[in-house]
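Residue numbers (our numbering): 426 to 776.
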Amino acid sequence: MMKRINIDLMSLVLTIMGMGLIFCCIGCVKPYPEPIIQEIGTNETAFLVSLVGDTKDAQAKFDSISAIKEKKIATKQIEIPQRWLQTGRSSNSGRWIPSAKLIRVNRSPIARRWTPDEKSGETNKNQGLYAESKDSIGISSGFAITAYIKEEDAATYLYWFPSKSGKADEDGIKQSGAMELKDVIDSQVFTSAQAVYTAGCNKYDLNELRNKKEEITQKMRDELIPKFKEMGITIDNTMGLIGGLQYENQNIQEAIDGVFISQTLREKNTATKEAQDIENARLRSIADTKLYEAKKFAEAQEAQKAKIELEIAMLRANALLTAANKWDGKSPNQILPQGSSFLFGLDSNVK
Numbered sequence: 426m427m428k429r430i431n432i433d434l435m436s437l438v439l440t441i442m443g444m445g446l447i448f449c450c451i452g453c454v455k456p457y458p459e460p461i462i463q464e465i466g467t468n469e470t471a472f473l474v475s476l477v478g479d480t481k482d483a484q485a486k487f488d489s490i491s492a493i494k495e496k497k498i499a500t501k502q503i504e505i506p507q508r509w510l511q512t513g514r515s516s517n518s519g520r521w522i523p524s525a526k527l528i529r530v531n532r533s534p535i536a537r538r539w540t541p542d543e544k545s546g547e548t549n550k551n552q553g554l555y556a557e558s559k560d561s562i563g564i565s566s567g568f569a570i571t572a573y574i575k576e577e578d579a580a581t582y583l584y585w586f587p588s589k590s591g592k593a594d595e596d597g598i599k600q601s602g603a604m605e606l607k608d609v610i611d612s613q614v615f616t617s618a619q620a621v622y623t624a625g626c627n628k629y630d631l632n633e634l635r636n637k638k639e640e641i642t643q644k645m646r647d648e649l650i651p652k653f654k655e656m657g658i659t660i661d662n663t664m665g666l667i668g669g670l671q672y673e674n675q676n677i678q679e680a681i682d683g684v685f686i687s688q689t690l691r692e693k694n695t696a697t698k699e700a701q702d703i704e705n706a707r708l709r710s711i712a713d714t715k716l717y718e719a720k721k722f723a724e725a726q727e728a729q730k731a732k733i734e735l736e737i738a739m740l741r742a743n744a745l746l747t748a749a750n751k752w753d754g755k756s757p758n759q760i761l762p763q764g765s766s767f768l769f770g771l772d773s774n775v776k
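Below, the structure is given as structure tokens:
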């Protein structure tokens, strides 16, 4: 009996030990890393940057455009590599964390309008370009620009405008991306445009400046387009000043408007007079033509009348000639008075 009890006790001990060994083995196994899949939009270019290794060397390598290009992702879907982060003594004390960071560059075109009018710009704030003319008159102008990032320039853009962490996605992974293009346009490009605008306006008096809008716009294109192209930003050639000059002193604007209205009225009156002169000349030309035609018609009528009279005279002459040729020297026995019928029975022998 005692032997049976010993056997059962030993079996129990072995069972407990076995279960403990199993729990220990299970508890020492690391959890399987859940894949982190990231998709890259059609309007994006992405770069996968390692987060492990020699930080200084990695930073030195990343500090060049060619090094960034080597990190470019050719696919539109990628699995982020992970590594085990040990947080305790046991081998399963820890968690899986990303060992690389995906940095995105949004290449979508951006169109911006900066105007002094709070109702027509990108915001409800005054965003116009401000400067002074050579004769110290304060003026402002609106500005429009469209820009985008080409695929081949994405690495250059990321080099000049590095990444920043954004909001975490549904997997809890913080999204990283280059500085948004609209933010670059509203800050650095705006500042450069303001500098060129100021320099251009400072060169001319107000009266000259009103005719220099295209010149200043072209100067902006010549300086801004190549400058930011070197930074990976392509600026459309349609960029430039929009709207007319606006003046800080409203009285100047009202005076200019008055001059313009007066000038417009003068031009309108001049155009009306010129149009009337043209119409009068047309009517005179028509009258002269009709008078000429009437004279020609009268001359033709006189010529026709003279022709008829001549023909009648010729007929009479021919008749007289015929009568003269046929006369036998005797008095006619038949007389036809003018306007009457023939008279018959006139005989010269009748007494």
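The C-beta atom is built at its ideal place from N, Cα and C for all residues, glycine as well.
Rounded Cβ spacing between residue i and residue j (contact assumed at less than 8 Å)
{"i": "residue 602", "j": "residue 588", "result": "6 Å"}
{"i": "residue 492", "j": "residue 506", "result": "Contact doesn't hold; Cβ gap of about 19 Å is too wide."}
{"i": "residue 527", "j": "residue 503", "result": "7 Å"}
{"i": "residue 645", "j": "residue 618", "result": "6 Å"}
{"i": "residue 497", "j": "residue 474", "result": "About 11 Å; that fails the 8 Å criterion."}
Neighbourhood of residue i by C-beta distance below 7 Å, restricted to the same chain and skipping five residues each side
{"i": "residue 509", "result": "455, 519 and 521"}
{"i": "residue 610", "result": "535, 537, 570 and 572"}
{"i": "residue 635", "result": "670"}
{"i": "residue 729", "result": "none"}
{"i": "residue 676", "result": "none"}
{"i": "residue 749", "result": "none"}
{"i": "residue 558", "result": "564, 626, 629, 630, 631 and 634"}
Simplified DSSP state of residue i, which is helix, strand or coil
{"i": "residue 470", "result": "strand"}
{"i": "residue 601", "result": "strand"}
{"i": "residue 530", "result": "strand"}
{"i": "residue 708", "result": "helix"}
{"i": "residue 675", "result": "helix"}
{"i": "residue 537", "result": "strand"}
{"i": "residue 612", "result": "helix"}
{"i": "residue 571", "result": "strand"}
{"i": "residue 436", "result": "helix"}
{"i": "residue 623", "result": "helix"}
{"i": "residue 525", "result": "strand"}
{"i": "residue 655", "result": "coil"}
{"i": "residue 558", "result": "coil"}
{"i": "residue 729", "result": "helix"}
{"i": "residue 690", "result": "helix"}
{"i": "residue 491", "result": "helix"}
{"i": "residue 507", "result": "strand"}
{"i": "residue 552", "result": "coil"}
{"i": "residue 514", "result": "coil"}
{"i": "residue 577", "result": "helix"}
Distance, residue j Cα to residue i Cα
{"i": "residue 652", "j": "residue 658", "result": "9 Å"}
{"i": "residue 631", "j": "residue 466", "result": "50 Å"}
{"i": "residue 484", "j": "residue 655", "result": "Residue placement at residue 484 cannot be trusted, given a pLDDT of 45 that sits under 50; what the coordinates show is reported in the next sentence. In a straight line, the C-alpha of residue 484 is about 22 Å away from that of residue 655."}
{"i": "residue 722", "j": "residue 711", "result": "16 Å"}
{"i": "residue 743", "j": "residue 708", "result": "52 Å"}
{"i": "residue 562", "j": "residue 690", "result": "27 Å"}
{"i": "residue 440", "j": "residue 523", "result": "41 Å"}
{"i": "residue 776", "j": "residue 737", "result": "The pLDDT assigned to residue 776 is 47, lower than 50, so where the model puts this residue is not dependable; a value taken from the coordinates is nonetheless given after this. Whole-angstrom Cα-Cα distance: 39 Å."}
{"i": "residue 777", "j": "residue 706", "result": "Because the chain spans 426 through 776 in this model, residue 777 falls outside it and cannot be assessed."}
{"i": "residue 698", "j": "residue 718", "result": "30 Å"}
{"i": "residue 702", "j": "residue 720", "result": "27 Å"}
{"i": "residue 674", "j": "residue 614", "result": "28 Å"}
{"i": "residue 727", "j": "residue 735", "result": "12 Å"}
{"i": "residue 459", "j": "residue 516", "result": "18 Å"}
{"i": "residue 724", "j": "residue 731", "result": "11 Å"}
{"i": "residue 568", "j": "residue 633", "result": "20 Å"}
{"i": "residue 578", "j": "residue 501", "result": "18 Å"}
{"i": "residue 436", "j": "residue 462", "result": "49 Å"}
{"i": "residue 740", "j": "residue 715", "result": "37 Å"}
{"i": "residue 694", "j": "residue 650", "result": "45 Å"}
{"i": "residue 660", "j": "residue 539", "result": "16 Å"}
{"i": "residue 626", "j": "residue 696", "result": "34 Å"}
{"i": "residue 620", "j": "residue 704", "result": "54 Å"}
{"i": "residue 576", "j": "residue 700", "result": "59 Å"}
{"i": "residue 672", "j": "residue 574", "result": "36 Å"}
{"i": "residue 499", "j": "residue 586", "result": "21 Å"}
{"i": "residue 616", "j": "residue 457", "result": "52 Å"}
Sequence-distant residues of its chain with Cβ nearer than 6 Å to residue i (five each side left out)
{"i": "residue 448", "result": "Note that residue 448 has pLDDT 48, beneath the 50 cutoff, so the model's placement of it is unreliable and the number below is only indicative. If we look at residue 448 and ignore the five residues flanking it on each side, it has no Cβ neighbours."}
{"i": "residue 555", "result": "565"}
{"i": "residue 464", "result": "502"}
{"i": "residue 622", "result": "554 and 556"}
{"i": "residue 648", "result": "621"}
Close-in-space but distant-in-sequence residues of the same chain around residue i (CB under 8 Å, 5 per side omitted)
{"i": "residue 560", "result": "630 and 631"}
{"i": "residue 494", "result": "580"}
{"i": "residue 489", "result": "584"}
{"i": "residue 513", "result": "519"}
CB contact below 7 Å: residue i versus chain C
{"i": "residue 496", "result": "No chain C appears in the structure shown, which is made up of a single protein chain."}
Checklist entry - Using 8 Å as the Cβ pair cut-off and three pairs as the minimum, do the segment 604 to 612 and the segment 520 to 539 touch? => result Enough Cβ pairs lie closer than 8 Å, so yes.
Checklist entry - Looking at C-beta atoms only, is the number of pairs between the segment 571 to 583 and the segment 458 to 472 that lie closer than 8 Å three or more? => result yes
Item to check | At least 3 beta-carbon pairs within less than 8 Å: the segment 660 to 675 vs the segment 628 to 644 | outcome: yes
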